[in-house]
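As structure tokens, the structure follows; a few thoughts come after it.
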Amino acid sequence: MTHWLFPANTKFYDVFGAFQQDETYWPLNAKVAQGDVVYIYLAAPHKQIGYICDVLEIGLTLKSILANIEPLMKGPIDSKKEPKSFMKLRTIESLELTPDNLLGYTHLKANGLNGMLMGPRKLENNPTLLDYIKGVLS
Numbered sequence: 006m007t008h009w010l011f012p013a014n015t016k017f018y019d020v021f022g023a024f025q026q027d028e029t030y031w032p033l034n035a036k037v038a039q040g041d042v043v044y045i046y047l048a049a050p051h052k053q054i055g056y057i058c059d060v061l062e063i064g065l066t067l068k069s070i071l072a073n074i075e076p077l078m079k080g081p082i083d084s085k086k087e088p089k090s091f092m093k094l095r096t097i098e099s100l101e102l103t104p105d106n107l108l109g110y111t112h113l114k115a116n117g118l119n120g121m122l123m124g125p126r127k128l129e130n131n132p133t134l135l136d137y138i139k140g141v142l143s
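6 is the number of the first residue of the sequence shown in our numbering; add one for each residue after it.
Structure (structure tokens):
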């Protein structure tokens, strides 16, 4: 099992609506496998981890999930940036969004996060950050 940190931009997608469902779909742009854990990092203005998810399925096509994600889109799909594949996620936990959250950007940066989170990161490549996140959640 691998742990991932994935960014989520609430300006383009109803992230909160997506994770209120039992299962949701997310672009698969890393070597994620079924059974992995994905931490969803909410971009500004939240700047913190908001959800912990299990990966249920990988390799889904846009065509097969479009009816599920279209209501959550905040604009048309850009065919030039269209993800090739999607994964199905089940939310394990929704985390409270609070100022100065221990899983917020400032604390993550002080505990191993390098630079801005612009794409998925395999946390096993950053044991300091992974240990910090696990410690906060335990």
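Glycine residues also receive a C-beta, built at the ideal position from the N, C-alpha and C atoms.
Contacting residues, own chain, Cβ-Cβ under 7 angstroms from residue i (five flanking each side not counted)
i	result
Lys93	Glu28, Tyr30, Leu61, Glu62 and Leu65
Tyr18	Leu77, Met78 and Lys79
Lys113	Correcting the residue type first, residue 113 is Leu in the shown sequence and not Lys. For Leu113, where only same-chain residues beyond five positions count, the Cβ hits under 7 angstroms are Leu134.
Neighbour-count burial assignment, residue i, 16 or more Cβ in a 10 Å radius
i	result
Gln39	exposed
Ile82	exposed
Ile97	exposed
Ala115	exposed
Pro125	buried
Ala23	buried
Asp41	buried
Leu71	exposed
Leu47	buried
Leu142	exposed
Residue(s) in a DSSP beta bridge with residue i
i	result
Glu75	Per DSSP, none; premise fails for Glu75.
Ser99	Tyr56
8 angstroms Cβ shell around residue i - same chain, five flanking residues per side excluded
i	result
Thr15	Phe21, Leu47, Ala48 and His51
6 angstroms CB neighbourhood of residue i in its chain, flanking five on each side removed
i	result
Ile45	Phe11, Ala13, Gly55 and Tyr56
Quiz item: Do the stretch 43-55 and the stretch 104-122 meet, that is, are 3 or more Cβ pairs less than 8 angstroms apart?
Solution: yes
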